[in-house]
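Scroll down for the structure; my scribbles are underneath it.
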Amino acid sequence: MKNIIKYTYLLLLLVGFAACEDEFIEKQPLDEVAPETLFETEAGFRTALDGVYAAMKGDFLGYNFCIYTIPENINDDIIAGSQYGFTFENTHADIHPLNYDYQSFQLEGFWKFAYEAINNANSIIKYGQNSSLRNKDQYVAEALAQRALIHYDLYRFFAPAFAVNTDALAVPYRLETDELLVKKPRNTVQEVIQYVLDDLNRAEKMAINDVDSYRISKSAIQALLARVYHETGNYENAMKFAKEALKDTRYSLDTDAEALENQWRQDDSNEIIFRIRFDEKDNGSNAAMFAIPLYSSFPYYVSNDLLNLYDQANDIRFDVYFESDPMGSGNYYPEKHVGMRTADYDNYNAGAVDIKLIRVPELYLIIAESAARTGASDADTYLNTLRNARGIGDYSGDLLTEVMKERRRELAFEGFRFTDLKRLEMGFTRPDGSGLPANSPRFALPIPKLEIDRSGIQQNPGY
1311 MKNIIKYTYL LLLLVGFAAC EDEFIEKQPL DEVAPETLFE TEAGFRTALD
1361 GVYAAMKGDF LGYNFCIYTI PENINDDIIA GSQYGFTFEN THADIHPLNY
1411 DYQSFQLEGF WKFAYEAINN ANSIIKYGQN SSLRNKDQYV AEALAQRALI
1461 HYDLYRFFAP AFAVNTDALA VPYRLETDEL LVKKPRNTVQ EVIQYVLDDL
1511 NRAEKMAIND VDSYRISKSA IQALLARVYH ETGNYENAMK FAKEALKDTR
1561 YSLDTDAEAL ENQWRQDDSN EIIFRIRFDE KDNGSNAAMF AIPLYSSFPY
1611 YVSNDLLNLY DQANDIRFDV YFESDPMGSG NYYPEKHVGM RTADYDNYNA
1661 GAVDIKLIRV PELYLIIAES AARTGASDAD TYLNTLRNAR GIGDYSGDLL
1711 TEVMKERRRE LAFEGFRFTD LKRLEMGFTR PDGSGLPANS PRFALPIPKL
1761 EIDRSGIQQN PGY
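Letter by letter, the sequence shown follows residues 1311 to 1773 of the working numbering.
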């Protein structure tokens, strides 16, 4: 039964992706533009904004799986698991062994769904700026933030880090003034980051906090600004916007094991500032991102290097993030994203979980690291507040070292380790000897071949 389910999912995935390849080559990697009549009403704008989130989700290859599985397979937190384990999007077979190339379908899919969502956001910005509707600024702000977030994630995947080379080619930044079929060259890292910051700063001034965590609120925009400023080394602004976001009293740290478990098993927590919503009707089983206990499939184990960072007796995260392999290997598998809210074991459905893109703990860590690097006085406060919430007490030792260990502990399996390795110009080596040296060109993933064939943009070095 497990093998039947496995190959059925893989077949559906490959057939669906093959069906869109011709379309991907023939036109911009975007989908349909909403008709002008859609933007005559506030309900139309809301529908269009929902369409951006839907495009981001994609099926398997958008923010459904790949926003986590691609970067988590290019670091040292997970190692190869059971030889019988499988993943629905096959990252264990090509991304994790680091033999990805410009034809890797996961990268092609993420690129396509990302630009499809960007195109939809651009339509909202274009029509919203000229709208006479009372709440037009809110719609434009949300769309600007969507556009900035997606471009930023494309930059994270397909370009060198800002700290490494600001003049390197990144990705095309598509604006609302771009015609649909115009082929744009790749912008530089510096240009992309500046566009992202321009969009977010503009959005932050227009946005309000009248939406919940299933939409990008003003607080979420402030958190994104903190993330981008932090990643690019502007620590003063990183602290400023992280603290602004934390003023929103709707969001707070979980302080006990039950609450933390509810966050990851049931998608229920005040720590989640922005997420992509998944329900029973969403076909993707994204609760099987790194392990599928329902099918006794454990394609990844957790590295001892990561496990040994935890106080296993007191840290409430340990039993939420990890589970011992029931097959008796003696290893732990990543359980963080194995959700139970929509799981249906009777029908072999692993279920879907919300993709939690912005959480409160990240902001505490941004402030702590930024303060430590600039000599600000409140680094200890923010680091210890998070540590105490997780049951492990105040830190001891070198402050910055402990901040970086805490980032790895708290944010495990959320894609941050990949970004940290890039921005800090670090390499990694796994127990099996695989890895990437510091500043390896393979930290910038290959531009998909289909996009190069379509638009003629330049490939990244090394591919």
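In this text, a Cβ means the ideal position worked out from N, Cα and C, and glycines have one as well.
Every value quoted in this text rests on a predicted model; they were computed, and no experiment measured them.
Length of the line joining the Cα atoms of residue i and residue j
i: residue 1505; j: residue 1371; result: 25 Å
i: residue 1378; j: residue 1710; result: 26 Å
i: residue 1463; j: residue 1394; result: 31 Å
i: residue 1476; j: residue 1670; result: 29 Å
i: residue 1485; j: residue 1576; result: 37 Å
i: residue 1353; j: residue 1665; result: 25 Å
i: residue 1525; j: residue 1773; result: 37 Å
i: residue 1758; j: residue 1566; result: 44 Å
i: residue 1480; j: residue 1466; result: 9 Å
i: residue 1760; j: residue 1410; result: 15 Å
i: residue 1654; j: residue 1662; result: 10 Å
i: residue 1625; j: residue 1348; result: 50 Å
i: residue 1332; j: residue 1764; result: Low confidence applies here, because residue 1332 scores a pLDDT of 36, under 50, leaving its location unreliable and the question unanswered by this model.
i: residue 1748; j: residue 1408; result: 15 Å
i: residue 1704; j: residue 1695; result: 8 Å
i: residue 1416; j: residue 1739; result: 23 Å
i: residue 1351; j: residue 1569; result: 40 Å
i: residue 1523; j: residue 1583; result: 5 Å
i: residue 1678; j: residue 1633; result: 29 Å
i: residue 1607; j: residue 1368; result: 24 Å
i: residue 1721; j: residue 1442; result: 42 Å
i: residue 1402; j: residue 1602; result: 13 Å
i: residue 1556; j: residue 1651; result: 27 Å
Extent of the continuous beta strand (DSSP E) to which residue i belongs
i: residue 1373; result: No beta strand (DSSP E) contains residue 1373, which DSSP labels as neither H nor E.
i: residue 1612; result: 1610 to 1612
i: residue 1667; result: 1665 to 1669
i: residue 1435; result: Looking at the DSSP string, residue 1435 is not in any beta strand (DSSP E); the run it does join, the alpha helix (DSSP H), is 1415 to 1439.
i: residue 1582; result: 1582 to 1586
i: residue 1390; result: 1388 to 1390
Residue closest to residue i, alpha-carbon to alpha-carbon, out of the options
i: residue 1538; options: 1369, 1559, 1508 and 1656; result: 1508
i: residue 1384; options: 1755, 1760, 1761 and 1770; result: 1755
i: residue 1356; options: 1578, 1628 and 1447; result: 1447
i: residue 1586; options: 1358, 1364, 1348 and 1349; result: 1364
i: residue 1600; options: 1644, 1638, 1578 and 1627; result: 1644
i: residue 1358; options: 1435, 1369, 1390 and 1398; result: 1435
i: residue 1605; options: 1618, 1693, 1697 and 1636; result: 1636
i: residue 1741; options: 1390, 1374 and 1346; result: 1390
i: residue 1521; options: 1752, 1452, 1690 and 1513; result: 1452
First through last residue of the alpha helix (DSSP H) which encompasses residue i
i: residue 1645; result: Run containing residue 1645: none; DSSP gives neither H nor E here.
i: residue 1633; result: Residue 1633 -> not in any alpha helix (DSSP H); beta strand (DSSP E) instead, spanning 1632 to 1634.
i: residue 1694; result: 1689 to 1699
i: residue 1487; result: Note, residue 1487: premise wrong, no alpha helix (DSSP H); not H, not E.
i: residue 1510; result: 1499 to 1516
i: residue 1710; result: 1709 to 1720
i: residue 1727; result: 1726 to 1733
i: residue 1538; result: 1528 to 1541
i: residue 1763; result: 1759 to 1765
Nonlocal neighbours in the same chain, by C-beta distance under 7 Å from residue i, ignoring five residues either side
i: residue 1726; result: 1717
i: residue 1572; result: 1578 and 1579
i: residue 1597; result: 1647, 1648, 1649, 1653, 1660, 1661, 1662 and 1663
Cβ-based neighbour list, residue i, same chain, cut-off 6 Å, excluding 5 preceding and 5 following
i: residue 1320; result: Note that residue 1320 scores 43 on pLDDT, short of 50, meaning its location in the model is unreliable; the coordinates nonetheless yield the value given after this. Nothing meets the Cβ criterion.
i: residue 1420; result: 1371 and 1376
i: residue 1460; result: 1424, 1427 and 1428
i: residue 1334; result: Note on residue 1334: pLDDT 34, under 50, position unreliable in the model; the coordinate value appears next. For residue 1334, where only same-chain residues beyond five positions count, the Cβ hits under 6 Å are 1422 and 1760.
i: residue 1456; result: 1362 and 1431
Contacts around residue i, its chain only, beta-carbon distance under 8 Å, and the 5 residues preceding and following it disregarded
i: residue 1412; result: 1756, 1757, 1758, 1759, 1762, 1769 and 1773
i: residue 1501; result: 1480 and 1483
Segment contact flag, the region 1679 to 1693 with the region 1529 to 1545, C-beta cutoff 8 Å, min 3 pairs: yes
Cβ contact (3+ pairs, closer than 8 Å) linking the region 1609 to 1616 and the region 1654 to 1674: no
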